[in-house]
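K.L.:
One structure coming up, written as structure tokens, with questions to follow.
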Amino acid sequence: MYKEYNTNQLSLELNLAYDIPMTHEARLISLFVDSIPSHILLEDKSHTGRPAFHPAMLLKMTLFAYARQVFSGRKMVQMNEEVIPMKWLSQDTYVSYKTINNFRSSKHANNLIKTAFIYFTLLMREHGMIEDQAL
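Residue numbering for the sequence shown follows my numbering, starting at 15 and increasing by one per position.
Structure below.
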């Protein structure tokens, strides 16, 4: 007698939708990064080789990790595997620590973060969270 063997078994795929509250800081970070014009987010890249990760996604992941006082690329990868808001920001995409560190150390990311800071300050001023004297 043999155990039942059937290669046409039904496989069950679980699709878990990651949903976080509307007031969660990950949503605010996502909305903020999405408000940055695309000509600032995107840079000219080579059209050969593997497509790069979108800078908006990497910036969202970086800002969320910084907000949680996580500054290590490896710990950001761990957050992306374990923390639901980070998975939501990355759309459950695996990103290696080398990719994160290369993004953070690039000249484009440096300019992007400086520009994002300017946009963030203007956004806070528009909503009355800071005054002109603080600028």
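A virtual CB, placed ideally from N, CA and C, is assigned to each residue, including glycine.
If we ignore side chains and look at the alpha-carbon of each, how far apart do N115 and L137 end up?
P.N.:
If you take the alpha carbons of N115 and L137, they lie about 28 Å apart.
K.L.:
For M138, which of helix, strand or coil comes out of DSSP?
P.N.:
helix
K.L.:
Tell me whether the beta-carbon of A40 lies closer than 8 Å to the beta-carbon of L103.
P.N.:
yes
K.L.:
In chain order, which continuous runs of the beta strand (DSSP E) of length 3 or greater are located wholly inside the stretch 55 to 105?
P.N.:
none
K.L.:
Assuming R118 and T76 form a contact by the criterion Cβ under 8 Å, report the distance between their Cβ atoms to the nearest whole angstrom.
P.N.:
6 Å
K.L.:
For the alpha helix (DSSP H) that contains I43, what are its first and last residues?
P.N.:
Secondary structure note for I43: its alpha helix (DSSP H) is the uninterrupted segment E39 to D48.
K.L.:
Skipping 5 residues on each side, what residues in its chain have a beta carbon closer than 6 Å to that of D146?
P.N.:
none
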